[in-house]
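In what follows, a single structure is set out as structure tokens and then discussed.
As structure tokens, this is what we get:
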């Protein structure tokens with residue numbers, strides 16, 4: 001059984017190496033990080049913007065904040081070489097957040113390069129950071145984004161990447177929201193349970209673990225050699 005598993009790991013690892021040498025632009029989307037935050041709190045969000053164009057630079061980035069789950073507070077981390085502008089909108093019906101009535105919320109934030117040298121060059125990416133909240137009791141926040149290029153091209157990252165479906169061509173950045181974790185299910189509690197399980201393991205299980213470790217080490221070595229060969233071959237053929 002161990003041999004079959006090792007062979008399977010080698011196969012998967014080689015496939016991952018081959019995927020790794022595919023053009024990076026195929027996976028270059030505007031994203032928001034981290035991908036998950038806690039409802040009710042504030043989050044430090046970073047929008048990563050890659051330039052996919054081969055002959056133009058990114059000069060402006062517009063991020064639209066959700067209209068169905070509005071955010072009342074926003075602070076922006078200064079970015080050298082770029083200016084920003086925040087646009088707010090009035091709510092027809094005020095909403096309550098942390099005991100206060102909110103009638104004005106964030107609509108958009110726009111970052112603009114101060115000069116061509118500050119623009120995001122082809123093959124590069126840049127990051128723009130904010131702190132926003134309070135985060136609503138919703139499943140997710142979709143930040144539709146518009147990217148402007150120096151040649152006049154406009155790319156709209158506004159398609160909602162609904163779960164359970166294929167990713168659209170121009171997906172909007174999505175922040176998943178989760179409820180505050182139960183202390184009983186915290187990583188520390190889980191680690192404690194795992195420690196008890198480890199302490200109760202038998203010597204036979206330890207021996208089996210050693211054999212697995214050796215097998216996995218061999219698989220890792222084979223995968224590393226194959227990946228190196230693939231990388232060298234890729235560089236030579238460019």
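Numbering (the working numbering), first residue to last: 1 to 238.
Where is the CB? At the ideal position from N, CA and C, for every residue including glycine.
All figures in this text were calculated on a predicted structure; none of them were measured in a lab.
- Query: Between the C-alpha atoms of residue 23 and residue 30, what's the straight-line distance to the nearest angstrom?
  - Reply: Caution is warranted here: a pLDDT of 41 is assigned to residue 23, below 50, making its placement in the model unreliable, and no coordinate value can be reported.
- Query: Touch check for the region 131–142 and the region 80–88: three-plus C-beta pairs under 8 Å?
  - Reply: These segments do not touch.
- Mind checking who residue 126 pairs with in its DSSP beta bridge? Note: residue 126 sits in a beta bridge opposite 49.
- Item | Cα-Cα separation, residue 52 to residue 100 | Near 43 Å, if we compare the C-alpha coordinates of residue 100 and residue 52.
- Whole angstroms is fine: what's the gap from residue 159's alpha carbon to residue 109's? The alpha-carbon atoms of residue 159 and residue 109 are separated by roughly 19 Å.
- Message: Assuming residue 149 is part of the beta strand (DSSP E), what are its boundary residues?
- Response: Residue 149 -> beta strand (DSSP E) spans 144–149.
- Query: What is the DSSP secondary structure of residue 181, counted as helix, strand or coil?
  - Reply: Coil.
- Query: Mind checking whether residue 120 and residue 49 have CB atoms under 8 Å apart?
  - Reply: For the pair residue 120 and residue 49, the CB atoms are nearer than the 8 Å cut-off.
- By Cβ distance, which residues of its chain are closer than 8 Å to residue 139, with the 5 residues on each side in sequence left out? If you ignore the 5 residues before and after residue 139, its C-beta comes within less than 8 Å of the C-beta of 176 and 177, all in its own chain and listed in chain order.
- Item | Collapsed DSSP secondary structure at residue 173 in the structure displayed | If DSSP states are grouped into helix, strand and coil, residue 173 belongs with coil.
- Query: Which residue from 170, 104, 86 and 55 puts its Cα closest to that of residue 63?
  - Reply: If we check each option's Cα against that of residue 63, 86 comes out closest.
- Message: According to DSSP, simplified to helix, strand and coil, what is residue 140?
- Response: Of the three classes helix, strand and coil, the one that applies to residue 140 here is strand, per DSSP.
- Given residue 157, which residues of its chain have a CB within under 6 Å of its CB, disregarding the five upstream and five downstream residues? Excluding sequence neighbours, residue 157 sits near 30, 145, 170 and 172.
- State the Cα-Cα distance for the pair residue 69 and residue 61, rounded to the nearest angstrom. Approximately 21 Å between the Cα atoms of the pair.
- Message: Taking the alpha carbon of residue 128 as the reference point, which residue from 150, 39 and 44 has its own alpha carbon closest?
- Response: For residue 128, the closest of 150, 39 and 44 by C-alpha to C-alpha distance is 44.
- Message: Using a 10 Å radius around the Cβ and a threshold of 16 neighbouring Cβ atoms, would you call residue 126 buried or exposed?
- Response: Residue 126 is classed as buried because its beta carbon has at least 16 other beta carbons within 10 Å across all chains shown.
- Item | Cut-off 7 Å between Cβ atoms - residues of its own chain near residue 71, not counting five sequence neighbours on either side | Excluding residues up to 5 positions away in sequence, 65, 105, 106, 132 and 133 lie with their Cβ nearer than 7 Å to the Cβ of residue 71 in the same chain.
- Query: Is the Cβ-Cβ distance between residue 56 and residue 150 less than 8 Å?
  - Reply: Against a cut-off of 8 Å, the Cβ pair of residue 150 and residue 56 comes out as a contact.
- Backbone secondary structure at residue 39 - three-state DSSP: Coil at residue 39, not helix or strand.
- Report the option in 152, 153, 167 and 141 whose CA atom is closest to the CA atom of residue 38. For the residues 152, 153, 167 and 141, the minimum Cα distance to residue 38 belongs to 141.
- Buried versus exposed, by CB contacts within 10 Å (16 or more), residue 147: When all chains shown are included, residue 147 counts as buried.
- Task: Would you kindly check if the distance between the Cβ of residue 76 and the Cβ of residue 261 is under 8 Å?
- Result: Residue 261 lies beyond the stretch modelled for the chain, which goes from 1 to 238, so this question has no answer here.
- How is the beta strand (DSSP E) around residue 158 delimited, first residue to last? Residue 158 -> no beta strand (DSSP E), and no H or E assigned at all.
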